[in-house]
Amino acid sequence: MTATKALKPVFSEEAASQEYAASLDAADPLREFRDQFIIPSKANLATKKLAKPGLSSEPSTYFCGNSLGIQPKAVSKYMEAQLDTWASIGVCGHFTTLEDSPLSQWQLLAEQAAASMSKIVGAQPEEVAAMGTLTMNLHLLLASFYKPTETKRKILMDWKAFPSDHYAIESHVAWHDLDAKENMVLIGPDEGQYEIQTEKILSIIDQHAEDAALLLLPGIQYYTGQLFDIPTITKYAQSKGLIVGWDLAHAYANVDLKLHDWNVDFAAWCTYKYGNAGPGAMGGLFVHERHGQVDYSAGPDTPKFRHRLTGWYGGDRSVRFMMDNKFKPIPGAGGFQLSNPSVIDLTCLCATLSVFDQTSMADLRQKSIKLTAYLEYLLLKDTDEETRLFDIITPSDPHARGAQLSVLLKPGLLHKVSERLQNAGIICDKREPGVVRVAPTPLYNTFSEVFNFVEEFKGALASS
Ligand SMILES: Cc1ncc(COP(=O)(O)O)c(C=O)c1O
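In structure tokens form, the structure reads like this:
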């Protein structure tokens with residue numbers, strides 16, 4: 035615990051100036067990545083039109099990567115290459131590609147994306163599949179991993195799970211003719227708290243160890259921004275006989291993950307937040323290698339593999355087109371694929387992944403910890419708990435959070451503050467009843483933007 039705290043950047047008085055923020059930007063080894071993105075301009079946001087000549091193209095301050103990341107310039111280049119492939123060689127694009135294309139033939143494109151995503155989530159390439167969307171993938175994974183029995187049938191989960199996760203879990207419990215109230219165990223914080231202590235999670239696992247089948251938690255909680263201790267919780271729950279899955283919507287491309295080494299059973303994520311793959315982009319899933327094995331010891335036509343819902347794209351490429359109706363899964367997460375994937379979706383995904391391929395999560399995280407700590411420092415500077423018009427409900431330990439700070443405003447302030455931020459060309463999102471979620475991201479945000487944001491935010495509070 036002490037070692038973790040020691041890593042938190044500490045800022046002195048002089049840090050609260052525009053010049054200091056600029057000096058942090060000048061020293062930032064990742065500063066050039068910003069040029070690889072299209073930052074929405076204030077003019078475009080105000081007019082909802084593409085900037086006309088003569089209109090200001092001053093960039094907005096985009097702190098909303100926790101909801102939808104901005105567009106990498108690579109997307110249009112990759113899309114053009116893909117459209118050229120389709121236009122020039124049609125169906126042959128399945129097995130070949132144009133000479134200078136940065137994209138694989140369509141049959142291999144999902145694997146290209148999975149290989150890059152595996153570096154982001156700390157997995158082996160075969161443990162990751164680029165496919166579907168987050169909720170769909172959670173359904174597919176629950177179909178395979180949630181096997182309630184007479185005695186072990188409960189699912190332990192976040193008390194305020196993102197609604198889609200809650201609905202998905204509820205529907206699986208009902209699918210097995212089980213009662214939702216009895217079989218969905220909600221894990222929440224202590225009264226009056228926002229952070230859920232790891233010890234509390236472990237004690238709830240203990241309480242339900244006898245009859246719980248599965249634990250499914252968010253890596254980062256979308257409302258509070260809390261990053262859970264994934265390795266500790268996973269290990270403990272597995273030691274009590276539970277299968278452990280993680281929804282990494284807010285953790286993917288945000289924090290360092292080591293899904294393979296942490297022995298996570300399964301995980302799923304979307305790629306449109308910190309992953310910048312575009313609205314509704316294709317998602318990803320992880321299945322630990324021990325669950326993806328295909329055993330041919332009983333003969334070449336009788337493979338044994340983990341039960342799942344199947345489709346032809348989960349079938350091994352060597353036999354996929356034999357049309358013999360003998361399902362032989364691709365070993366690993368690829369064996370959970372169903373359909374011929376959208377090449378257009380995959381192209382956006384591969385484009386944004388080409389940016390991540392130029393760096394590492396360790397480097398991104400290092401900057402992110404500093405950026406968010408700077409935001410926290412400036413927000414709290416010269417304030418005290420008694421008189422402050424807001425609380426930061428995200429844990430202050432950098433290892434218990436990602437890029438996002440959730441700022442809970444006193445009642446009645448949310449709309450005024452949001453409007454003022456919007457008028458100043460600052461994009462961050464609000465969640466009722468009173469939270470502004472602020473997420474400076476290391477790939478394209480700067481320390482100067484953090485400084486300017488806090489000036490505007492405090493100005494808005496002062497004038498409310
Ligand atoms: C934690 C979490 N789970 C699930 C979802 C739903 O994702 P999708 O609409 O891609 O299925 C989201 C979307 O923001 C989310 O944040």
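Take 35 as the starting number for the sequence shown in my numbering and just add one per residue. For each residue, glycine too, the CB sits at the ideal point set by N, CA and C.
Asked	Found
With 16 other Cβ atoms within 10 Å as the buried cut-off, status of M35	Note that M35 scores a pLDDT of 38, beneath 50, so its modelled location is shaky; the value from the coordinates is reported in the next line. M35 is exposed by the Cβ-count criterion.
Span separating the alpha-carbon of M113 from that of L261	34 Å
Beta-carbon contacts of K444 that lie in its chain and below 6 Å, excluding the five residues immediately before and after	L423
Among A61, F45, S273, W120, nearest to V377 - alpha-carbon criterion	W120
Distance CB(D397)-CB(L64) smaller than 9 Å	yes
Any non-hydrogen atom of ligand 1 within 8 Å of G317 CB	yes
According to DSSP, residues forming a beta bridge with I254	L261
Local conformation of F45 per DSSP, three classes	coil
Start and end residues, beta strand (DSSP E) containing K464	463–465
Residue nearest to G326 in terms of C-alpha spacing, selected from L84, G314, A311, D350	D350
Ordered list of beta strand (DSSP E) runs contained in the stretch 151–216, each at least 3 residues	162–164, 188–192
beta-carbon K307 near ligand 1 non-hydrogen atom, thresh 8 Å	yes
Euclidean distance between Cα positions of G259 and P252	10 Å
Close beta carbons around A473, own chain, < 6 Å, minus the five adjacent residues each side	F97, G99, N100, A437, Q438
S430 and R471 closer than 9 Å at C-beta	no
Reduced DSSP category for S110 - H, G, I as helix; E, B as strand; rest coil	helix
Residues that DSSP places opposite P93 in a beta bridge	S75
C304: CB within 8 Å of a non-hydrogen atom of ligand 1	yes
Residue span of the alpha helix (DSSP H) that contains I239, given as start and end	232–242
Contacting residues, own chain, Cβ-Cβ under 7 Å from R187 (five flanking each side not counted)	L212, N217, D245, A247
Assigned exposure category for S178 - 16 Cβ within 10 Å defines buried	buried
Y347 versus H210: straight-line alpha-carbon distance, rounded	27 Å
Coarse secondary structure for W140, derived from DSSP in three states	helix
Pair within 9 Å by beta-carbon distance, Y286 and K307	yes
Rounded C-alpha distance that separates A50 from V488	10 Å
M218 - partner residues in DSSP beta bridges	I189
Any non-hydrogen atom of ligand 1 within 8 Å of D199 CB	yes
Close-in-space but distant-in-sequence residues of the same chain around P334 (CB under 8 Å, 5 per side omitted)	none
Reduced DSSP secondary structure (H/G/I, E/B, other) of K338	strand
Three-state secondary structure assigned by DSSP to P63	coil
Nearest candidate by alpha-carbon position, reference M316, set A157, T167, G493	T167
Residue span of the beta strand (DSSP E) that contains A496, given as start and end	No beta strand (DSSP E) contains A496, which is instead part of the alpha helix (DSSP H) from 481–496.
Beta carbon proximity, S150 to chain B, threshold 9 Å	No chain B is present in this structure, which holds just one protein chain.
Coil, strand or helix - V278 by DSSP	strand
Neighbourhood of T183 by C-beta distance below 8 Å, restricted to the same chain and skipping five residues each side	A247
DSSP beta-bridge partners of R435	Q260
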